[in-house]
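Shown next, in C-alpha cells, is the structure this report addresses.
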Amino acid sequence: MRFPLALTSKIAAHIVGHKLRGTKKFATVLQLEPLHTCNLTCTGCGRIREYSTSLKDVMSLEDCLRAPEECGAPMVSICGGEPLIYPHIEALASGILAQGRVVYLCTNAMFMRRKMRAHLAKEFARDAAAVEPILAKLQAAELISEKETADVRKGPKDPAAPTMAPHPFFYWNVHLDGLEYTHDLIVEREGVFKECILAMRMAKIVGYQVATNTTIYKETDMAEIEALYEFLGDIGIDGHTISPGYEYDAAKQDMIKRLNLQPENFFLTRDMTREKFKDLQEWTGRFPILGTPVYHEFLAGQRELTCSAWAIPTRNIGGWKGPCYFMTTAHYASYQEMLEKVDWSQFGVEKNGTARDPRCDNCMTQCGFEPTAAIGIDAQWGDTWKNIKFNFGARPKPSGRGNAAEAYNGVTSGRGHLTGKKKEATEAAAAAAMLAASAPAAVEAAAETSIAA
Ligand code: SF4
Ligand code: SF4
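Okay, so the sequence shown: first residue is 613 according to the numbering used here, each after it adds one.
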C-alpha cells in the first residue's frame, strides 16, 4: 500500500464521520506552532518574520496538548519555528500520540541526530542487546561517532524524561527544497543539506518513518526535484509533500529590505504553479508523494478548487490564527470562535478561480486546497474512486538510480555560495570555483568580483 493502512483508515474515518453527521466545517490537520524561534533564517520563511517580536515566547505544554483535543484533527503537524528547540518537544509528541493522533514533526533536521541518540540511550538502558546492532550499523555508516556511541552506552541523563521514539503514527518531516547547492542557498547556511541526509539515513536505520516537505519557487528547477526524489527513494524515505511557494506579506518585506530581492522573482503565480506541476501526476506513479489525486489535478491546472482553510487551522502563541496558515487578520481564543468570527466569504477563491481577497490571488497551497480535495467539497463524479485507488494502491518502488543524482553539488563539491547575497554574486562565486582547476590567477579575480558584488 502507498501509505500505512491504519493511518489512511484513521483519516478516512474522521472525514466520513463528519460528513455523515453533516458537520459543515471541521479540522483535518492541525498546524501546531509551539514557538517561532528557529536556528535558521530561510529565504521566504514568513514565520520568523511575521512573529519576529515574539521569538522568545513559547506555548505551554498544556495549551499545546489541548489544541488537538479542541479542534479534533486526527493529524497534527508540529511546526514553528524549529520545533526541536521547544523545551517540551518529547512530551508534546508523545502526548499527542497518546491521544491516538498522527504526528508529523516538521524540522530542518539540524537537531534530529541528537534527539535520536537520546532515544537510543534510553533504549540502551532498557535493552542493550537490542540497541547494539543498531549502533554497529550507525557506526559503519559513519552516522554516529565513537564518542557519541560511548555516550549512548552510558544511558540517559534523566531516565524519567520522555524521548522521541519510533511509532507507527510518528513521522519526521524534513524540510528540503532541492539538492545541496539550492537547499543550502534557500536556508541561507552551508552544510544543512548534508546534515538533513545524514539525519534521515540515521532515522531509517533506527526505525522511524521519514517524510520530506518541499516548497517550489519560481527559480526551482523541477528536474532537480525529480533527481532529489530519486536520491531520497534510495535512502528509503516514506513520503514527500510538495507545495507551491506562497507570497507571505512578511516574507515579501524581508526579501526587499534584507536581501534586496524582488518577491515577484521568487514566488509563483497561479499560471507558473500549473506549469511547474504539470508532470506531478506522472510523478505520483514513481514517487511516494503524499496528498490526494484531486489536489494534484488542481496543481496541474486540470480543475479548479475552492479554499477550505478552516480545515487546516493554525494554533500558536497568539491563539487560533485566522483566516489561514499564511494570512493573519486576527488570533482567536478557540477554534470554534475562529470558525464563527471569520467571514469565510471574504477569503479564498471562487470555483472559477477568481480570488475573493487580493492576497489569495496566487495561492494554490496545500493548507488551503488539499482539504477541499480530501473532504470532497468540490467533488466530481469518480473522485472517490480516484482517492481510494491512490491511497490503497501499490507504493512506488525506489528507482535504484539515486546515485545518478549529483546530490552534493554545493559546498561539499567545492562549489560553495555566498549565502544571502544577490544571485549574480553567487553565480560569480560558482564561476570562480569552476575556474579553480585551470587558472589560479583568474580565480582570485573572480572571487574578488563576487565579494565586491
Ligand atoms: S527552518 Fe522552517 S521555520 Fe526555520 S527559518 Fe527555515 S522555513 Fe522558517
Ligand atoms: S486561498 Fe485560502 S489558504 Fe490561500 S491565502 Fe487565501 S484564505 Fe489563505
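The C-beta atom is built at its ideal place from N, Cα and C for all residues, glycine as well.
At 3 residues or longer, and completely inside the stretch 702-749: list those beta strand (DSSP E) runs for me, N to C. 714-719
Quick check: is any heavy atom of ligand 2 less than 7 Å from the C-beta of residue 969? yes
Contacts around residue 842, its chain only, beta-carbon distance under 6 Å, and the 5 residues preceding and following it disregarded: 1011, 1013, 1014, 1017
8 Å CB neighbourhood of residue 893 in its chain, flanking five on each side removed: 905, 908, 909, 912
Taking all protein chains shown into account, do 16 or more other C-beta atoms lie within 10 angstroms of the C-beta of residue 928, making it buried, or fewer, making it exposed? buried
At the level of alpha carbons, what is the spacing between residue 970 and residue 732? 50 Å
Relative to the alpha-carbon of residue 1068, which residue among 835, 761, 920 has its alpha-carbon at the smallest distance? Outside the displayed range of the chain (613 to 1065) lies residue 1068, so it cannot be described from this structure.
From 930, 871, 717, pick the residue whose C-alpha is nearest to that of residue 669; which is it? 930
List the endpoints of the continuous alpha helix (DSSP H) containing residue 1008. Here residue 1008 belongs to no alpha helix (DSSP H), and DSSP marks it neither H nor E.
Pairwise C-alpha distance: residue 776 and residue 727: 7 Å
State buried or exposed for residue 586, treating a residue as buried only when at least 16 other CB atoms are found within 10 Å of its CB. Lying outside 613 to 1065, the shown extent of the chain, residue 586 is not represented and no answer is given.
In chain order, each beta strand (DSSP E) run of at least 3 residues that lies wholly inside the stretch 837-894: 851-856
With a cut-off of 8 Å, do at least 3 Cβ pairs link the stretch 948-955 to the stretch 884-898? no
Between residue 998 and residue 988, what straight-line distance do the alpha-carbon atoms span, to the nearest angstrom? 11 Å
For the stretch 916-1002, which segments carrying the alpha helix (DSSP H) assignment without a break, of at least 4 residues, lie completely within its bounds, in sequence order? 947-953, 978-987
Buried or exposed for residue 933, please, with buried defined as at least 16 other CB atoms from any protein chain shown within 10 angstroms of its CB. buried
Burial state of residue 633, where buried means 16 or more other Cβ atoms lie within 10 Å: exposed
Through-space distance from residue 835 to residue 1021, alpha-carbon basis: 14 Å
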